[in-house]
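Undergrad: Residue numbers (the working numbering): 3 to 148. By construction, the Cβ of each residue, glycine as well, lies at the ideal position given by its N, Cα and C atoms. One structure, pasted below without further comment.
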């Protein structure tokens with residue numbers, strides 16, 4: 003479930019490179035480009051898929067984790083001329099995973115790799131024409147820098 007929330011002074015960065023080791027230090031060594039014009043961030047959530055489980059001799063079935071659910075993240079941007087937004091558009095066209103860094107004041111730096119799976123233009127009012135919406139399909143865990 004994605005719940006939009008406004009993150010004041012949050013910054014998003016993108017890199018076409020993937021780390022050799024998927025650790026916070028591996029991500030931190032990559033060259034990142036800032037994505038400017040971020041308006042609304044969705045919530046990054048780790049969810050698990052469940053399946054009904056009935057233990058032998060048990061009286062009642064219950065839900066058991068069977069795997070991690072695919073996670074996606076939505077992002078709304080103001081359309082501006084920016085190198086980071088150009089990299090997002092190129093990432094959407096390539097279908098390849100890219101590395102991301104999310105810096106949130108008070109919560110620190112978070113790293114993950116994701117594939118840009120959707121890049122849409124909002125149509126409607128005049129304000130909507132100045133916005134871009136996209137979805138990121140996460141391909142790694144969200145790692146916090148310690």
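Please report the residue range of the alpha helix (DSSP H) in which residue 28 lies.
TA: Taking the first residue of the chain shown as 1, we reach residue 28 at position 26. 26 to 30 is the extent of the alpha helix (DSSP H) around residue 28.
Undergrad: Rounded C-beta distance between residue 15 and residue 42? I'm assuming under 8 angstroms.
TA: Counted from its first residue, the chain shown places residue 15 at position 13. Counted from its first residue, the chain shown places residue 42 at position 40. Not confirmed; about 17 angstroms, so no contact.
Undergrad: Taking contact to mean 3 or more Cβ pairs, one atom from each stretch, closer than 8 angstroms, check whether the stretch 58 to 74 and the stretch 89 to 101 are in contact.
TA: Counting Cβ pairs under 8 angstroms, fewer than three are found: no touch.
Undergrad: Within 10 Å of its beta-carbon, does residue 118 have 16 or more other beta-carbons around it, so buried, or fewer, so exposed?
TA: By one-based count along the chain shown, residue 118 stands at place 116. Residue 118 should be labelled buried.
Undergrad: Within the stretch 19 to 91, note down every full beta strand (DSSP E) run reaching 3 residues or more, in order along the chain.
TA: If we require 3 residues or more, the beta strand (DSSP E) runs fully inside the stretch 19 to 91 come out as 35 to 37, 40 to 43, 50 to 55, 64 to 70 and 74 to 80.
Undergrad: Specify, as a first and last residue, the run of the beta strand (DSSP E) that residue 103 falls within.
TA: Your numbering for residue 103 matches position 101 in the chain shown. Residue 103 -> beta strand (DSSP E) spans 99 to 106.
Undergrad: Determine the DSSP secondary structure at residue 17, reduced to helix, strand or coil.
TA: Looking up residue 17 in the chain shown gives position 15. Residue 17 falls in the strand class under three-state DSSP.
Undergrad: In whole angstroms, what is the alpha-carbon distance linking residue 131 and residue 66?
TA: Position 129 of the chain shown, counting from 1, holds the residue named residue 131. Position 64 of the chain shown, counting from 1, holds the residue named residue 66. Each residue's alpha carbon lies about 45 angstroms from the other.
Undergrad: Please confirm whether residue 105 and residue 31 have their CB atoms less than 8 angstroms apart.
TA: Taking the chain shown and counting its residues from 1, the one referred to as residue 105 is at position 103. Taking the chain shown and counting its residues from 1, the one referred to as residue 31 is at position 29. Cβ distance not < 8 angstroms, so residue 105 and residue 31 don't count as in contact.
Undergrad: Quick check on the burial criterion: 16 or more other C-beta atoms within 10 angstroms. Buried or exposed for residue 17?
TA: For this step, residue 17 is matched to residue 15 along the chain shown. Flag for residue 17 reads buried.
Undergrad: At what residues does the beta strand (DSSP E) containing residue 137 begin and finish?
TA: Residue numbering aside, residue 137 sits at position 135 when the chain shown is read from its first letter. From DSSP, the beta strand (DSSP E) with residue 137 extends over 133 to 140.
Undergrad: Kindly list the residues whose CB is nearer than 7 angstroms to the CB of residue 110, restricted to its own chain and excluding five residues on each side of it in sequence; keep chain order.
TA: In the chain shown, residue 110 corresponds to position 108, counting from 1. If we look at residue 110 and ignore the five residues flanking it on each side, its Cβ neighbours are 146 and 147.
Undergrad: Beta-carbon within less than 6 angstroms of residue 56's beta-carbon, same chain only, minus the 5 sequence neighbours each way: which residues are those?
TA: Translated into the one-based positions of the chain shown, residue 56 becomes position 54. 63.
Undergrad: Measuring straight from C-alpha to C-alpha, what distance separates residue 101 and residue 115?
TA: Taking the first residue of the chain shown as position 1, residue 101 is located at position 99. Taking the first residue of the chain shown as position 1, residue 115 is located at position 113. Their backbone Cα atoms lie some 4 angstroms apart in a straight line.
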